[in-house]
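*Asks:* Going by our numbering, the letters in the sequence shown line up with residues 1342 to 1539, in that order. From the three backbone atoms N, C-alpha and C, an ideal C-beta is built for every residue, glycine too. Keep in mind it's a predicted model, so treat the numbers as computed, not measured. This is the structure I want to talk about, given as structure tokens.
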Amino acid sequence: MVYFILRKIVFFIYKMWYNLSIEGVENIDNSKPHIYASNHRSYADPVLISISVKDRFAYMAKEELFQQNIFFTTLIKTMGAFPVVRGSGDMNVIDTAIEKLQSGKNLVIFPEGTRSKDGKVGKGKTGVALIVAKSNFDVIPVGIVFEGEKLHFRSKVIVRYGKPISASEFSLPENATSRDVKPIKHKIMSAITELVEG
């Protein structure tokens, strides 16, 4: 109930602060947890993705964000964030992500691994493909669009939710290699790119 109320309040604030447009809400499925895979434009992205979805989220966030002040660290942990050491190849992060999904939470992933300053979608990391393939949860691609490098008051922001991609499309052989993982990553990144480009 608290999360439901807070989500409504934050949605109202964001609508007032930004010129916010939400597209593809019919693609949101609240009947079960999903992986929301999105391009990464700003620190506001996790909120922009989650305010239209009823169920709670877990977020993969860079480790540096957990080294800020105690108030901020406590806040993001309360909202479901857990740390990722970028470029480390830590398999525990994949296990944690899957545990969050199995506990009933949606999972937000930014496959690019870092924010895009010019709005172009990057190649993406293979970690997202491993999580998707091993978790057996459907993926909802998301595209976040706004002009310029940073968000400002009354910035025109578009959040587009794509059609869910079935987990059956992301299966891997038992002894999967990096070559087996790449098609999964490319499929996800292509879906995100289509949403960003409109």
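Is it buried or exposed for GLU1453, if we count other Cβ within 10 angstroms and need 16 for buried?
*Replies:* One-based indexing of the sequence shown puts residue 1453 at position 112. It counts as buried.
*Asks:* Could you pull the start and end residues of the beta strand (DSSP E) that ASN1447 belongs to?
*Replies:* By one-based count along the sequence shown, residue 1447 stands at place 106. First-last of the beta strand (DSSP E) with ASN1447: 1447 to 1450.
*Asks:* Using CA coordinates, which residue listed in GLU1515, THR1518, VAL1498 and ARG1456 is at the minimum distance from LYS1356?
*Replies:* Here residue 1356 refers to the residue found at position 15 when the sequence shown is read from its first residue. If we check each option's Cα against that of LYS1356, VAL1498 comes out closest.
*Asks:* Hey, how far is the Cα of ALA1508 from the Cα of ILE1417?
*Replies:* For the purposes of this step, residue 1508 is taken as the residue at position 167 of the sequence shown. For the purposes of this step, residue 1417 is taken as the residue at position 76 of the sequence shown. Near 28 Å, if we compare the C-alpha coordinates of ILE1417 and ALA1508.
*Asks:* Identify which residue in ILE1435, VAL1394, ILE1485 and ARG1456 has its Cα closest to the Cα of LYS1475.
*Replies:* As a working note, residue 1475 is residue 134 in the sequence shown. Of the listed residues, the one whose Cα sits closest to LYS1475 is ILE1435.
*Asks:* DSSP three-state label for VAL1468, please.
*Replies:* To locate residue 1468, count along the sequence shown from 1; it is residue 127. Inspection of the sequence shows that residue 1468 is occupied by Gly rather than by Val. Of the three classes helix, strand and coil, the one that applies to GLY1468 here is helix, per DSSP.
*Asks:* Are the Cβ atoms of GLU1488 and LYS1458 separated by less than 8 Å?
*Replies:* Within the sequence shown, the letter at position 147 stands for residue 1488. Within the sequence shown, the letter at position 117 stands for residue 1458. The answer is no: Cβ separation not under 8 Å.
*Asks:* Indicate whether PRO1514 and ASP1479 have their beta-carbon atoms separated by less than 8 Å.
*Replies:* Counted from its first residue, the sequence shown places residue 1514 at position 173. Counted from its first residue, the sequence shown places residue 1479 at position 138. No, Cβ-Cβ distance for PRO1514 and ASP1479 is not below 8 Å.
*Asks:* Can a CB atom of chain C be found closer than 8 Å to the CB of GLY1454?
*Replies:* No chain C appears in the structure shown, which is made up of a single protein chain.
*Asks:* For my contact list, ASN1447 and VAL1394 are in at a C-beta cut-off of 8 Å; report their separation, rounded to the angstrom.
*Replies:* Mapped onto the sequence shown, residue 1447 falls at position 106. Mapped onto the sequence shown, residue 1394 falls at position 53. Right, their Cβ atoms sit about 6 Å apart.
*Asks:* Taking only the alpha-carbon atoms, compute the straight-line gap between ARG1382 and SER1372 and give it to the nearest angstrom.
*Replies:* Here residue 1382 is taken as the residue at index 41 of the sequence shown, counted from 1. Here residue 1372 is taken as the residue at index 31 of the sequence shown, counted from 1. When rounded, the distance between both Cα atoms is 28 Å.
*Asks:* So, PRO1387 versus VAL1473, is the Cβ gap smaller than 8 Å?
*Replies:* As a first step, residue 1387 must be located in the sequence shown, where it is residue number 46. As a first step, residue 1473 must be located in the sequence shown, where it is residue number 132. At least 8 Å separates the beta-carbon of PRO1387 from that of VAL1473.
*Asks:* Thinking C-alpha only, which one of PRO1524, ILE1439 and ALA1385 is nearest HIS1493?
*Replies:* Taking the sequence shown and counting its residues from 1, the one referred to as residue 1493 is at position 152. The closest CA to that of HIS1493, considering only PRO1524, ILE1439 and ALA1385, is found on ALA1385.
*Asks:* Classify PHE1487 as helix, strand or coil using the three-state DSSP reduction.
*Replies:* Within the sequence shown, residue 1487 is the residue found at index 146, counting from 1. In this structure, PHE1487 counts as coil in the three-state DSSP scheme.
*Asks:* Should PHE1511 go down as buried or exposed, given a rule of 16 or more other Cβ atoms within 10 Å for buried?
*Replies:* Reading the sequence shown from its first residue, position 170 is the one you call residue 1511. Buried: at least 16 other Cβ atoms inside 10 Å.
*Asks:* Just reading off the beta strand (DSSP E) that GLU1364 is part of, what are its end residues?
*Replies:* For the purposes of this step, residue 1364 is taken as the residue at position 23 of the sequence shown. Element bounds for GLU1364: 1360 to 1364.
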